[in-house]
Amino acid sequence: MPTRRRLLGSLASIPLLAAAGALLASRANPYYSGPVSDHFDGTRFFDPHGAAPRPLSDLLRWQFGSDARARWPAAWPLERFDTPPARVEGDALRLGYAGHASLLLQTRGLNILLDPVWSERFSPLSFLGPKRVNPPGIRFEDLPKIDLVLVSHGHYDHLDLATLSRLAASHAPRVITPLGQDAIMKAHDPAIRAEAHDWGDRVEIGHDMAVNLAPMRHWTARGLFDRNKALWAAFIIETPAGHIYHIGDTGYGDGHHFREARRRFGDFRLAILPIGAYEPRWFMSEQHMNPEEAVQVMLDCGARHALAHHWGTVQLTNEPIEAPRAALAEALKARNIAADRFRAIRPGEAWDIPAAGA
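All the letters of the sequence shown, read from the start, carry residue numbers -25 to -1, 1 to 333 under mature numbering (1 follows the signal peptide of the UniProt record, and there is no 0).
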């Protein structure tokens, strides 16, 4: 049975989400107005290859049912903090892991932050909600000049308005995000230089590079009443030295999206893939893939190397803190894939990605 702390936390989150959602309920779609498409019905976005949203009863069954929930440590200290260089030039590619889904990607003289969250809690409130068990693995003051930010969707563990405001004040980066997410950002802080794009859009970012927005099997919301009123997306970063496939959150489904990415863009130099927040499978499988499925995505998209994220920072689901990395190692062994091709580094660590042919 759930612990008293889990019950209290679950009960507390319901009115918080209701309050946030009630503020948005007065308009059909407060974030985006545009033509109907194959993934927008005029009010909400949807994935033609996705699954129907789970009912509230399933959420309550998970939160208050009998599924075992591992107890994470209150703190899982970092072994080090990454101090990234000012720039990484040419075809070299460096990834620094700040934690959860936040990474610093450096290549060809560009510094790109992915889903940056430097707040202590992944929540609409600073004093309640999922709390990180380690600080960001890159100190905010150690960040190099940030040129570009990519935000994949609106969940609080990926879109952190406080962090985006800090970045706007100190770095003024360009922010690329899916349709509707820009309205959320600008309503909070007009100084955030957010621009929104649709699936299939290609955005030039200079330095002979471009960012493409692509589907991922997920959803988005900031409260109870705005589900899928903005879009979610994976990012495909084109570079002359090989393309990079970044997925913030996704279920596996039938693998269509990942095979389609390979069909359109060819094999990838690097895939950045989530491996955590996957238990219990009966509830999480449509929105969060597990480590075994992440290995299959690596194969589906033809990635030479892959970097794991979405683990080791904040407890969102039932699995133990180190389970994703252990399961990834087992999945790679079962598929006879070298462990150094798909790494799960800890927050505070960095990886210099081998060249495309290595």
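Note that the Cβ used here is the ideal one computed from N, Cα and C, for glycine as well.
For residue i, which residues does DSSP report across the bridge?
{"i": "H280", "result": "L245"}
{"i": "G223", "result": "According to DSSP, which records beta bridges pairwise, G223 is partnered with nothing at all."}
{"i": "S32", "result": "The partner list for S32 (beta bridge, DSSP) is empty, contrary to what the question assumes."}
{"i": "R318", "result": "L282"}
{"i": "S12", "result": "F15"}
{"i": "E170", "result": "I151"}
{"i": "residue 399", "result": "Given that the chain is displayed from residue -25 to residue 333, the structure contains no residue 399 and the question cannot be resolved."}
For the beta strand (DSSP E) containing residue i, name the first residue and the last one.
{"i": "T82", "result": "77 to 82"}
{"i": "F102", "result": "From DSSP, F102 is part of no beta strand (DSSP E); its letter is neither H nor E."}
{"i": "residue 341", "result": "Here the chain has residues from -25 to 333 only, and residue 341 is not among them."}
{"i": "E179", "result": "177 to 181"}
{"i": "P153", "result": "149 to 153"}
{"i": "W326", "result": "325 to 328"}
{"i": "F210", "result": "209 to 213"}
{"i": "residue 334", "result": "With the chain covering -25 to 333 only, the question about residue 334 has no answer from this structure."}
{"i": "L88", "result": "85 to 89"}
{"i": "L70", "result": "68 to 74"}
{"i": "L188", "result": "184 to 189"}
Give a yes or no on whether the C-beta atoms belonging to residue i and residue j are separated by under 8 angstroms.
{"i": "Y220", "j": "A209", "result": "yes"}
{"i": "A278", "j": "A246", "result": "yes"}
{"i": "W47", "j": "Q290", "result": "yes"}
{"i": "H280", "j": "I328", "result": "yes"}
{"i": "G230", "j": "P299", "result": "no"}
{"i": "T138", "j": "P91", "result": "yes"}
{"i": "P60", "j": "P119", "result": "yes"}
{"i": "T214", "j": "M191", "result": "no"}
{"i": "H182", "j": "R83", "result": "yes"}
{"i": "A26", "j": "E261", "result": "yes"}
{"i": "H232", "j": "H24", "result": "yes"}
{"i": "D224", "j": "H133", "result": "yes"}
{"i": "L136", "j": "V124", "result": "no"}
{"i": "T288", "j": "V108", "result": "yes"}
{"i": "A283", "j": "R310", "result": "no"}
{"i": "V186", "j": "Q156", "result": "no"}
{"i": "I121", "j": "L88", "result": "yes"}
{"i": "A169", "j": "L154", "result": "no"}
{"i": "N86", "j": "L79", "result": "yes"}
{"i": "P99", "j": "Y72", "result": "no"}
{"i": "A166", "j": "A144", "result": "yes"}
{"i": "I296", "j": "W51", "result": "yes"}
{"i": "A45", "j": "E294", "result": "yes"}
My guess is that residue i and residue j are in contact by the Cβ rule of under 8 angstroms, so how many angstroms apart are they, rounded?
{"i": "R96", "j": "Q81", "result": "That pair is no contact at about 28 angstroms."}
{"i": "H285", "j": "H128", "result": "About 13 angstroms; that fails the 8 angstroms criterion."}
{"i": "N203", "j": "F20", "result": "5 angstroms"}
{"i": "R237", "j": "D275", "result": "7 angstroms"}
{"i": "L303", "j": "P266", "result": "4 angstroms"}
{"i": "A330", "j": "D57", "result": "Wrong, their Cβ atoms sit about 21 angstroms apart, outside the cutoff."}
{"i": "R36", "j": "G323", "result": "About 37 angstroms separates the two Cβ atoms, so there is no contact after all."}
{"i": "R222", "j": "L248", "result": "Rather than Arg, the amino acid found at residue 222 in this sequence is Ile. Correct: roughly 6 angstroms between the Cβ atoms."}
{"i": "A216", "j": "D22", "result": "Going by Cβ atoms, the distance from A216 to D22 rounds to 31 angstroms, so no, they are not a contact pair."}
Could you give the first and the last residue of the continuous alpha helix (DSSP H) run that contains residue i?
{"i": "P60", "result": "Element bounds for P60: n/a, residue is neither H nor E."}
{"i": "R234", "result": "231 to 240"}
{"i": "M259", "result": "256 to 259"}
{"i": "T292", "result": "It is not in any alpha helix (DSSP H) - T292 carries neither H nor E in the DSSP assignment."}
{"i": "A144", "result": "136 to 145"}
Just checking: is the beta-carbon of residue i within a distance shorter than 8 angstroms of some beta-carbon in chain D?
{"i": "G71", "result": "No chain D appears in the structure shown, which is made up of a single protein chain."}
Stretch-stretch touch, CB-based, cutoff 8 angstroms, three pairs: the segment 252 to 259 with the segment 228 to 243: The segment 252 to 259, when compared against the segment 228 to 243, does not touch it at the 8 angstroms Cβ threshold.
At least three beta-carbon pairs within less than 8 angstroms, the segment 104 to 122 to the segment 157 to 164: With the cut-off at 8 angstroms, the segment 104 to 122 and the segment 157 to 164 do not touch.
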